[in-house]
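Take any residue in the sequence shown, count from 1 to its spot, add 5: that is its number in the numbering used here.
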Amino acid sequence: MARKSSETGPARRGRPPAYDAQAALKRATETFWKTGYSGTSLDKVAAATGMSPPSLYAVFGNKHALYLEALAGYWDISLAATREALAGDHPLDEALMLAYDAALSIYFSGKGHARGCFVVGTAVTETAEDAAIRKSVATGLRAIDADFEARFRRAQDTGELKRDADPATLAILASATMHTISIRARAGASRAELREIARKAVNVICR
């Protein structure tokens with residue numbers, strides 16, 4: 006599908022002299038998170054950031070480049086939260102729940118209705134036709150799986166998991182739990198309900 010010129014060009018020009026790029030990127034991310042990539046026009050992003058479209062072009066490039074930057078920033082935050090939860094010396098079940106609690110804090114971080122995961126809510130629908138977004142999503146998902154798998158292998162080494170457990174398969178199940186609570190958050194499930202789903206999944210995984 007051909008993209009509008011406002012999404013694909015023009016190339017970046019000189020940076021405006023006084024401008025907080027990180028603040029603008031955060032506001033742009035909030036806008037994409039609310040209405041999705043396709044549902045967010047450049048004019049809407051400009052209004053949210055307080056910048057004119059030419060100024061956005063000058064700093065970020067086109068809408069597509071701005072969205073990819075927002076998506077990369079979200080991955081950084083989400084993966085860092087998961088890794089921090091899994092990196093400590095907590096028992097396996099507690100570490101997994103810390104990871105899910107960290108995810109829920111992100112999913113419920115906006116004002117009003119829960120937004121769920123930025124990737125699931127805005128990027129997944131674009132992956133069929135957008136190679137760059139598809140690559141970002143695939144890379145991020147592999148990273149989540151790898152982080153969970155590493156924690157399960159550590160649990161095997163310490164005797165928390167049986168030697169015949171399959172860390173790679175358990176990692177996929179753990180990741181899938183994270184995805185489903187994100188979707189259900191966006192669909193209106195309460196934080197308490199989602200935490201209970203996560204807890205039951207952890208019981209199954211650790212058993």
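The beta carbon of each residue, even a glycine, is placed where N, CA and C say it ideally should be.
When DSSP states are grouped into helix, strand and coil, T185 belongs to the helix group. Counting only residues of its own chain and dropping the five nearest sequence neighbours on each side, R168 has a CB closer than 7 Å to the CB of Q161. With a contact defined as Cβ atoms closer than 8 Å, A104 and L91 qualify at about 6 Å. Counting along the chain, A192 sits inside no alpha helix (DSSP H), nor does DSSP assign it H or E at all. Judged by pairs of C-beta atoms under 8 Å, the segment 63 to 79 touches the segment 118 to 138, as three or more such pairs exist.
The three-state secondary structure of Y112, taken from DSSP, is helix.
Counting only runs of at least 4 residues, the segment 97 to 151 fully encloses the following alpha helix (DSSP H) elements, listed from N- to C-terminal order: 97 to 112. Between the beta-carbon of L109 and that of C211 there is about 19 Å, and that puts the pair past the 8 Å contact cut. Per DSSP, the unbroken alpha helix (DSSP H) holding D48 starts and ends at 47 to 54.
For L166, there is no enclosing alpha helix (DSSP H), as DSSP marks it with neither H nor E. Short of 7 Å from the beta carbon of A179, and not among the five residues preceding or following it, lie these beta carbons of its own chain, in chain order: L101, F153, I210. If you draw a straight line from the Cα of K140 to the Cα of E134, it is about 11 Å long.
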